[in-house]
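Q:
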């Protein structure tokens, strides 16, 4: 996962505030810098080394209609690269439609992609427009394409080659103009050799491959990413964090980060919650447990909700006092009450908010 500025995350319009900082032998101080009229690529945090060459590839291929296959480990930022390609393309004013091919069974996935007619199958009480139709004249992002069932792959190949499809239960052919960007964390070439992925579809998708490096190969980007996440989470939690101690940054740099940028983001979020007095004081990395996979793509608000719930549960729903949830989170009790109300968090009926 590659990070973007908050203004770009909000429909990617207007000027972006790009976080930057100075990392000295003593400490890292979080500061802000404004850049007028940035492009979408300017919003990407962590642009050193290999990523610079990847962004140059993105700029080169985005204006074309070429199909793109993005490969990389989980958490390296494949979806953001797909969005960058769309935003830099002539299709930017049309839809960018996303679907996770690993998230649903073959029958449901076919309906999601192509749509269905009323009565096409049990439970189809209404007709439904599929993702290909929604993405007409825009971009369709097929995430986790390596998990697409074999029986559905010929239909995807047909759309790529003929630019047409039929909805489930329909005999009417629909023409579409869709730019395909696919992504996977699996070795599709090996899957082809093992008979788990169609060879013709692989070569049709692999017209312009982009490979994203894991975070362990992007050590020089880590300080900038840490500063960006610290600023992002501190703002959302109404905290002021001005200093990242050198020993903290050194410890973060020494970690392997198997979960890549997503794992780093979760770690920084927990650290901001535990930090006070303007210093970033994250938990010991040896004791840190990454967030469960099922909430790895949750929004920032969901992450804050999860941390507040965890703190309340550890404090047995005692919010005030030196061992209460507010103290554990480094918040004033009134601030915690406000956040809980805004996020819809309420203690169990057998506990009181003291």
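Numbering (the numbering used here), first residue to last: -3 to 350. Glycine is no exception: its CB is placed at the ideal position from the N, C-alpha and C atoms.
Check whether the Cβ atoms of residue 195 and residue 146 lie closer than 9 Å to each other.
A: Along the chain shown, one-based indexing puts residue 195 at 199. Along the chain shown, one-based indexing puts residue 146 at 150. Cβ distance not < 9 Å, so residue 195 and residue 146 don't count as in contact.
Q: Taking the Cβ atom as the reference point for each residue, do residue 270 and residue 304 lie within a distance shorter than 9 Å?
A: Position 274 of the chain shown, counted from the first residue, corresponds to residue 270. Position 308 of the chain shown, counted from the first residue, corresponds to residue 304. Cβ distance not < 9 Å, so residue 270 and residue 304 don't count as in contact.
Q: May I have a chain-ordered list of the alpha helix (DSSP H) segments no shorter than 4 residues that lie completely inside the stretch 32 to 95?
A: 46 to 57, 74 to 83
Q: Measuring only the C-alpha atoms, how far is residue 168 from residue 48?
A: Translated into the one-based positions of the chain shown, residue 168 becomes position 172. Translated into the one-based positions of the chain shown, residue 48 becomes position 52. Residue 168 and residue 48: Cα-Cα distance of roughly 46 Å.
Q: Grouping DSSP H, G and I as helix and E and B as strand, with all else coil, what is residue 330?
A: Here residue 330 is taken as the residue at index 334 of the chain shown, counted from 1. The answer is helix: DSSP assigns residue 330 an H, G or I state.
Q: In terms of residue numbering, what span does the alpha helix (DSSP H) encompassing residue 236 cover?
A: In the chain shown, the residue the question calls residue 236 occupies position 240. It is not in any alpha helix (DSSP H) - residue 236 carries neither H nor E in the DSSP assignment.
Q: Give a single yes or no on whether residue 331 has its beta carbon closer than 8 Å to a heavy atom of the ligand SAM.
A: With respect to the ligand SAM, the structure offers nothing, as it holds no ligand at all.
Q: How many angstroms separate the CA atom of residue 213 from the CA atom of residue 262?
A: Within the chain shown, the letter at position 217 stands for residue 213. Within the chain shown, the letter at position 266 stands for residue 262. Each residue's Cα considered, the two are about 19 Å apart.
Q: In the DSSP output, what is residue 176 paired with across the bridge?
A: Working through the chain shown from its first residue, we reach residue 176 at position 180. According to DSSP, which records beta bridges pairwise, residue 176 is partnered with 136.
Q: Can you tell me whether residue 330 is buried or exposed? The criterion is at least 16 other CB atoms within 10 Å of its CB, across all chains shown.
A: Here residue 330 refers to the residue found at position 334 when the chain shown is read from its first residue. Its Cβ having fewer than 16 others within 10 Å, residue 330 is exposed.
Q: Grab me the residues of residue 96's own chain with a C-beta within less than 6 Å of its C-beta, minus the 5 sequence neighbours each way, in chain order.
A: Here residue 96 refers to the residue found at position 100 when the chain shown is read from its first residue. Taken in chain order, the residues that qualify are 139, 140.
Q: Rounded to the nearest angstrom, how far is the Cβ of residue 77 from that of residue 208, given a contact under 8 Å?
A: In the chain shown, the residue the question calls residue 77 occupies position 81. In the chain shown, the residue the question calls residue 208 occupies position 212. About 7 Å separates the two Cβ atoms, so the contact holds.
Q: Suppose you measure from the CA of residue 58 to the CA of residue 121; what does that come to, to the nearest Å?
A: Position 62 of the chain shown, counting from 1, holds the residue named residue 58. Position 125 of the chain shown, counting from 1, holds the residue named residue 121. In a straight line, the C-alpha of residue 58 is about 39 Å away from that of residue 121.
Q: Excluding five sequence neighbours on each side, which residues of the same chain lie with their C-beta closer than 8 Å to the C-beta of residue 200?
A: Taking the chain shown and counting its residues from 1, the one referred to as residue 200 is at position 204. Here the set comprises 63, 153, 156, 157.
Q: So, is residue 189 buried or exposed, given that buried needs 16 or more other C-beta atoms within 10 angstroms?
A: Stepping through the chain shown from its first residue, residue 189 is reached at position 193. Its Cβ having fewer than 16 others within 10 Å, residue 189 is exposed.
Q: The alpha helix (DSSP H) spanning residue 150 covers which residue range?
A: What you label residue 150 is simply residue 154 of the chain shown in a count that begins at 1. Segment 149 to 158, the alpha helix (DSSP H) holding residue 150.
Q: Just mark residue 309 as buried or exposed, buried being the case when its beta carbon has 16 or more other beta carbons within 10 Å.
A: Reading the chain shown from its first residue, position 313 is the one you call residue 309. Exposed, because fewer than 16 other Cβ atoms sit within 10 Å of the Cβ of residue 309.
Q: Can you give the Cα-Cα distance for residue 83 and residue 71, rounded to whole angstroms?
A: Against the chain shown, residue 83 aligns to sequence position 87. Against the chain shown, residue 71 aligns to sequence position 75. If you take the alpha carbons of residue 83 and residue 71, they lie about 21 Å apart.
Q: Residue range of the beta strand (DSSP E) that residue 121 falls in?
A: As a working note, residue 121 is residue 125 in the chain shown. Here residue 121 belongs to no beta strand (DSSP E), and DSSP marks it neither H nor E.
Q: Are residue 210 and residue 106 closer than 9 Å when you measure CB to CB?
A: Within the chain shown, numbered from 1, the residue matching residue 210 stands at position 214. Within the chain shown, numbered from 1, the residue matching residue 106 stands at position 110. No, Cβ-Cβ distance for residue 210 and residue 106 is not below 9 Å.
Q: Provide the residue span of the beta strand (DSSP E) that contains residue 204, from first to last.
A: Residue numbering aside, residue 204 sits at position 208 when the chain shown is read from its first letter. Here the beta strand (DSSP E) through residue 204 covers 204 to 207.
Q: With a cut-off of 8 Å, do at least 3 Cβ pairs link the stretch 172 to 190 to the stretch 222 to 239?
A: At 8 Å Cβ cutoff, the stretches do not touch.
Q: Would you list the residues sitting across from residue 169 in a DSSP beta bridge?
A: The residue given as residue 169 occupies position 173 in the chain shown. Bridge partners of residue 169: 162.
Q: Spell out whether any CB of chain B is found under 9 Å from the CB atom of residue 206.
A: Reference to chain B is not applicable here, since this structure consists of a single protein chain.
Q: What three-state label does DSSP hand residue 316 in the structure shown?
A: The residue given as residue 316 occupies position 320 in the chain shown. In this structure, residue 316 counts as coil in the three-state DSSP scheme.
Q: Could you pull the start and end residues of the alpha helix (DSSP H) that residue 265 belongs to?
A: Along the chain shown, read from residue 1 onward, the residue named residue 265 stands at position 269. That run of the alpha helix (DSSP H) goes 256 to 270.
Q: Going by CA-CA distance only, name the one from 88, 240, 197 that's closest to residue 277.
A: In the chain shown, residue 277 corresponds to position 281, counting from 1. Of 88, 240, 197, the residue nearest in Cα terms is 240.
Q: Could you compute how far the alpha carbon of residue 103 sits from the alpha carbon of residue 151?
A: Translated into the one-based positions of the chain shown, residue 103 becomes position 107. Translated into the one-based positions of the chain shown, residue 151 becomes position 155. Between residue 103 and residue 151, the C-alpha separation is close to 13 Å.
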